[in-house]
Structures are given as structure tokens and as C-alpha cells.
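Residue numbers (this note's numbering), protein chains in the order written: chain A, 766 to 953; chain B, 316 to 514; chain C, 52 to 375. For each residue, glycine too, the CB sits at the ideal point set by N, CA and C. Just below is one structure, and these are the notes that go with it.
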Amino acid sequence: MNTALKTDSHSAKSTARNSDLSSAMAPELGDSVWSALMDGELPAEQSRTLLKNLRDTPEGKARFSTYCAIGDALRGHADIGHSTDFTQRVMAALENEPTILAPVRKPANRRPAAWLAAAAVGAITLGLWNSLPEDHAAVPFASAPASAPENISPDISPYLAAHQDFAQAVLTPTDMDFTQVSLAQANP
Amino acid sequence: MSDREIDLQLVERVREGDKHAFGLLVEKYRRRVMRLLSRMIRDADEIEDITQEAFIKAYRALPQFRGDAAFYTWLYRIAINTAKNHLATRGRHMPTVSDQAMNDDDEPDERLVAQDSSTPESELLSKQMAYAVNEAVDALPEELRQAITLREIEGMSYEEIAEAMTCPIGTVRSRIFRAREAIAAKLRPILDTPEDRRW
Amino acid sequence: MTLAAMKHTAALLLLALTSSPAQSTEALSKAEATAWLQKIANAAYKMSYQGYFTLQIGDEKNAPAQTLMVTNQPSPRATENTIVSRLVTLDGSQREIRCTQRDAFTMKINGAQMQVQKRLSNRHFPDLLPTDVSQLANWYGVSLGSASQVAGYDCTNIEITPKDAFRWGYVMCIDNRTGFPVRAVLVNEAGEPLMQYRFTELKLGASVKVEPPPFKRVDAAPLMPNERIIFSNLPPGFSRIAATRGKLQNHPVEVEHWVFSDGLSHVSLFLEPSKKPVDVIKGQSKQGLVNMMKRPVGDWKATVLGEAPMATVEAISMGLQARP
Chain A
766 MNTALKTDSH SAKSTARNSD LSSAMAPELG DSVWSALMDG ELPAEQSRTL LKNLRDTPEG
826 KARFSTYCAI GDALRGHADI GHSTDFTQRV MAALENEPTI LAPVRKPANR RPAAWLAAAA
886 VGAITLGLWN SLPEDHAAVP FASAPASAPE NISPDISPYL AAHQDFAQAV LTPTDMDFTQ
946 VSLAQANP
Chain B
316 MSDREIDLQL VERVREGDKH AFGLLVEKYR RRVMRLLSRM IRDADEIEDI TQEAFIKAYR
376 ALPQFRGDAA FYTWLYRIAI NTAKNHLATR GRHMPTVSDQ AMNDDDEPDE RLVAQDSSTP
436 ESELLSKQMA YAVNEAVDAL PEELRQAITL REIEGMSYEE IAEAMTCPIG TVRSRIFRAR
496 EAIAAKLRPI LDTPEDRRW
Chain C
52 MTLAAMKHTA ALLLLALTSS PAQSTEALSK AEATAWLQKI ANAAYKMSYQ GYFTLQIGDE
112 KNAPAQTLMV TNQPSPRATE NTIVSRLVTL DGSQREIRCT QRDAFTMKIN GAQMQVQKRL
172 SNRHFPDLLP TDVSQLANWY GVSLGSASQV AGYDCTNIEI TPKDAFRWGY VMCIDNRTGF
232 PVRAVLVNEA GEPLMQYRFT ELKLGASVKV EPPPFKRVDA APLMPNERII FSNLPPGFSR
292 IAATRGKLQN HPVEVEHWVF SDGLSHVSLF LEPSKKPVDV IKGQSKQGLV NMMKRPVGDW
352 KATVLGEAPM ATVEAISMGL QARP
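Here is the structure:
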């Protein structure tokens, strides 16, 4: 049977990709995120993103609900009572509850964030700058990671704390991990 | 068990101020909790009320949930206690369910026979559901049926299923997804949730 | 607009639109920009409100968000001693900021002990803008961006884009009805979010009783800026807005603390007598939020740091000279 060629690139891709697909109209793997999410099989980053946008994703919520119903039915947990709008009623009741703000405290992750990888923050040797540059162009940081980070925060953190107290009205600057300041090698 | 991880992530989201994430936890566990309580309480409406109360209590107590036990285990205890209090205020004796129902794995033992506690309408609905789901599963291609069964009934992780079915993990994910979608398509007439019922 | 600023605008646009349907932003004229900024500033300073907000520095994986509670109740009947606003930390060590019309105090509570310190200014989130915004449009372009919803408020993203490479920008999500900022993200030249404030719960126009239990007030050291150091060649729009002298926590000597600002960006200078030779050092914090430069100026050690591009920190640092 010849499946009609669609201009939709999704179906073209999935036909090419999966050999055990029974039809060209099979859903894209990208749609399977909610299925993978509920099995706890999404990478942490992806599931965080998905959950953050939960409010704006009624389709995702609907999928999640349906999948729960399927799993429960397979395991013999039948619906009891008029529970079709049960969740809706619970959520309505929760509107009167204060929002919980008790973030889970995790130990600080010492790895630099991925989007700072380019900046040579990992590179850290104490550098001396011997000549004063004539122009004020920003001197690029060294890009090659060197030895272990030289942590000079005992030197800097009182200044940082005082500055942040002014600029951001931050109340507990010394509690924040990012008062670690490392040094960049200044290229002459 | 990877199932626990999604629960923890949802709890985390709620604790960061996102109430909507709690809705997913409700969706995931509401039938299980109600079935549990149906062993103690006969009236379907009461079961629903107590379940709702249990979820609200769980929400309030979420800052104290430490994540060292499974979320369902913790929720289970809250539900049992809520039901006990409910029964106590109405002067009834507690039926035989006790904490000894927990087996070694710290998972509540739910093999006890459920008492008859449903209304005629809901019984019909649940029978319809069970029938439709089973029929839909039977109609699935072999590899999809196997994947969804290993996942939902055996509780295996994608990695374990990949090993059992000798295929890549990505294929497992795809098969489970397609199985669910195929079953969902058959359930749509029964499950059809109108827009205004969405949370 | 310089190329850098154009890139920046593009990056900000992308940032603001990540989870909404594509919309074009509307760039405003200088006059319109000033009007919008003034509306936002007025809302933040003049409205009464009570809420909870989180402050997130960099990546959530590296540093969990801080949660704070804030109340503000400006009143025509406030005397100079009336507390009009209050911030309370909800995690970490117990601290509060209390502000009158003019002054502000930090209170640190360690068990039974309470330490009170006078603050340099009475600004705090959501007052990121100065009370007088008239100069800001010289240095920042303002565009109206996508619609959003924060803490239950329908709001609009306002992009405050730097016109040069000496400052970073903000995307502020402001309540459609009042102009009150419910979310603000500091964004660097690459469009990367460095820091984010966000209300998770907010009651605008709440009538709240702010008056907390009384405490002993302290006075700041009198202002006598160091006349032996002069500054010059500040980046466009920057001027010195504060100066004080005092002892910093965990630091042996008294320092002089100056603050330079263009109204939105703030860079601090710390001056102290130097006893031993001072190396010239530049640095950037791990999350990319703070740039720093330290070098000798005459007999002094000058440490410049702030939430601004390195070019700014460097320009300020290099513009310092000892008076001959």
C-alpha cells in the first residue's frame, strides 16, 4: 500500500528512521516526552523544562492523565465513584492553600554551568599583568584550562558582600556559592 | 526504580511554588489511594472525600517530605491516618488493615480483596474501562503489547525492558509511547474529558 | 546601535520569547521608553504590596534559589521613622532589611543576638530602577515584548537593552494593569540569564501593617570621600552615586566604598591603604555574574567589582589616579 506522500516533514523523517514502524503515520519520537516523563525515563534537564511549562501544556497534562488511567486499569485499579473531575476538585481546593516555597536544598554542584564553558572561568592561575595597556579593550581570558582552580574568595568576598548588599539588596551574600571568584590570566 | 525519580521531581516542582505539578501526582495516585481506602470504607462518596482530604494534607505536609521513602508510601500513610480519623469521629471500629500490610519492600500490600464500595454508575464505568483497556492491549502488535505489559504490570525500567526484548532503549520508549497512544485512541469515547474539566 | 548591542537585542528577544508564540517586539522612542520606565519605577516605589519572591543566581543546579518575603506600605503619613518596607529571608541565615522613607537597616539575627547596620541605600527588589529614570533612555533601549503570566498576573515582557558594551540588560515582566515588575532577569551580552528575581506570590495594593517590633537604630559613618584619589573617564552614563567609609565583615582594615551607577547597573569601588605590593588581578565569578579588577593606585589598593561587563569594571579601574 502506498502511503500518500505528505509534505509534513515529520512523517517523512519517521518513515525513514524506524524500521519497526507499522505505518508512516506513527507519531514522532518527540511526542513521546510525556510518556517517557511519567516513566521517569527523561533526562533530568528535559523533564525540568517540561514540568516548568506544565501550566501552558494542557495537551501534555491530558496525555499524562490518560496514561495514568491506562496503567491503573491494567493493574486493576478501577475508578471508584464519580471521579472524573476528582483532580480538578482537588486542585480547586488547593487554590486556597498557600503556595509552598520550600525548595529542595541540593549540595552545590562544583561543575561550571554548561553555558559558561566558553568563558575561561575554569582556567585559573594567578596572572600578573606587567604592562598597562594603552587602550581599554577588554583583554580576553585565557582559554586553555590550566591547573586546579585557585580560589581567592577569602580576599574578595567582603567586597562582594558589601557591593551586593547595595546593588541587589541581597541579604545573605555570604550564603551564596557564587562568591567564589577565580582569576583569569591576563594576556599582555 | 525510575518511577520514584519522577515523583521526586514533581515534589521538587511543587516545593518551588508550582502547584500544577501536584496535579500530576494526584492523577498518578488517586485510583490507587481510593482502592486502598475502599477496603476500609464502603461508601463511594466518602472514599472520594477522604482521598481528597488526604491529598490536601499531603500537599500541606510536602515541606516535610524528605524523599528517603517513596512518595506513595508516604502518601499511603497519610491516607490511612485520614481514614482512621474519619472513622474514629464517627465512632466506628477500624477494620483489619494495619501497617502490617506493608511487605518487606516497604510497598503497601494491595492484594487484599476490595470490598464492594462502588455505585452502579461508577461500576459500569470502571468495567467499561477495564474491558476497553484489555481489548485494546490484546489488539496491539506483539512488540508493543510486550513493552507496555513489562512496563505497567511488571514495573520494569526502560533499560530492563531493552534487555528483555533485545532492542535499543530508544525503541522501548517508542514502543511504550505508541502502545499508550493506540490504547488511548480506543479509550477516547469513554474518557473524553471536556475542556472545562481540565485542571 | 553598535553590532554588539544589536546582537544583544537579538539575544534578549530570543530569551523573552522562549516559551511563547513568536511575536515581534516593539521598539520605543526615547520619550516612550522613559515613560514606560517611569511607570515601572513608580509602581515599584509607590504601590503597597506584599509577596514572596525568589532570587536565582546563574544555573539552578549550582545555587538553589533564595526565597524572600517583602512588604511595602508607603504612606503619606509616614514620618522619618516609620518603617515603610521590609524584607525577610526565608532560608539561610535569618536577616531582615527595614526601610524608612530615607534610610534602611539590615538586621542579622544569630540566636538571641541581633546586629543592626545602616545600609547605603534603601533600594531592594522590585526597585531595580532609580526613582528618576530620565537619563536611562540615553543608555538603554526599551522594547515591548511578549505577553506572559507570572504569579497569576497577566504581564508583558519589557526588554531593557543596553546601547553599548558597558552595561548589561534586563528583561522585566511587568503587570499589565499597574506596571509593577513581577519578574526581572539580568541578561549579559550573549543573551544568557545571569540572575533572576521572580515573585511566586504577590498581593498588589494589599494593605499591610509593616511596623515590626522596634529596634535600636544606628547611624552610618559620616561621608568623607577620599580626596587623594580621583576618578575620570567613566563609561557613558555612569556617575558616583554613593560613598561611605566603614569596616567590612571579615576584613581587617577600614575601607572606603564608592558606588558608580548609570541608574540600573551598579559597580563598586573599594579603597584601602595598601601595605604590600599589589598585583593586578582581573576575575569573573563562576556564574559570570560579577566582574572584578584589583590594582594599585598611588598608595592605595583599588578593588572594582560589579554586575557589569568587564569593559566597565576595567574602565572604572583604569580611570582612577592618585592626586599628584
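DSSP state of residue i mapped onto helix, strand, coil
i	result
F380/B	coil
L340/C	coil
S197/C	strand
V306/C	strand
Q300/C	coil
S823/A	It should be noted that the sequence gives Pro, not Ser, for residue 823/A. Three-state result, P823/A: helix.
G220/C	strand
S35/C	Nothing in the structure corresponds to residue 35/C, since chain C is present only between 52 and 375.
R875/A	In this prediction, R875/A has a pLDDT of 31, which is less than 50 and means its spatial position is unreliable; what the coordinates show is noted afterwards. If DSSP states are grouped into helix, strand and coil, R875/A belongs with coil.
C482/B	coil
Q933/A	coil
D420/B	Any reading at D420/B must be qualified, since the residue scores a pLDDT of 36, below 50, and its modelled position is unreliable; the value itself is stated next. Reduced to three states, the DSSP call for D420/B is coil.
F851/A	helix
A362/C	helix
R800/A	Checking the sequence shown, residue 800/A turns out to be Ser, not Arg. Correct three-state label for S800/A: helix.
S290/C	strand
T212/C	strand
P923/A	helix
Test: residue i CB closer than 8 Å to a CB of chain C
i	result
G332/B	yes
P923/A	yes
A926/A	yes
L866/A	yes
Proximity winner among the options, relative to residue i (alpha-carbon distances)
i	options	result
N161/C	S144/C, H175/C, R170/C and F176/C	S144/C
D142/C	G220/C, L371/C and M120/C	M120/C
L171/C	L245/C, W190/C, R374/C and H317/C	H317/C
K326/C	R234/C, P347/C, I332/C and L340/C	P347/C
H175/C	M165/C, S136/C, V167/C and W190/C	S136/C
A494/B	V448/B, G470/B and K334/B	V448/B
Q166/C	R153/C, E147/C and D154/C	E147/C
V326/B	A497/B, D364/B, L402/B and Y387/B	Y387/B
P232/C	K169/C, P360/C and Q89/C	Q89/C
L123/C	T151/C, Q117/C, N132/C and A116/C	Contrary to the premise, residue 123/C reads as Asn rather than Leu in this sequence. Comparing Cα positions, the closest option is T151/C.
V364/C	D330/C, P286/C, K352/C and P303/C	P286/C
A82/C	A129/C, N189/C and Q107/C	N189/C
Residue-chain proximity (residue i, chain B), Cβ-Cβ < 8 Å
i	result
T140/C	no
T814/A	no
P273/C	Below a pLDDT of 50, predicted positions are generally treated as unreliable, and P273/C, at 49, falls in that range; the measurement from the model is reported next regardless. With 8 Å as the cut-off, P273/C does not count as an interface residue toward chain B.
F931/A	no
G795/A	no
E862/A	yes
E806/A	yes
T122/C	no
T130/C	no
Check whether residue i and residue j have beta carbons under 8 Å apart
i	j	result
F311/C	R291/C	yes
M343/C	L356/C	yes
T251/C	L866/A	yes
Y832/A	S812/A	no
I321/B	G825/A	no
A95/C	D178/C	yes
Q443/B	A858/A	no
I463/B	E474/B	no
F931/A	L339/B	no
T864/A	R345/B	no
R319/B	A373/B	no
A198/C	D205/C	yes
G314/C	L138/C	no
Neighbour flag for residue i against chain A, beta carbons, 8 Å
i	result
L371/C	no
L465/B	no
V184/C	no
G357/C	yes
F311/C	no
A94/C	no
R153/C	no
Q461/B	no
Y387/B	no
Contiguous alpha helix (DSSP H) assignments of at least 4 residues, all confined to the segment 118-200 of chain C
If we require 4 residues or more, the alpha helix (DSSP H) runs fully inside the segment 118-200 of chain C come out as 187-190.
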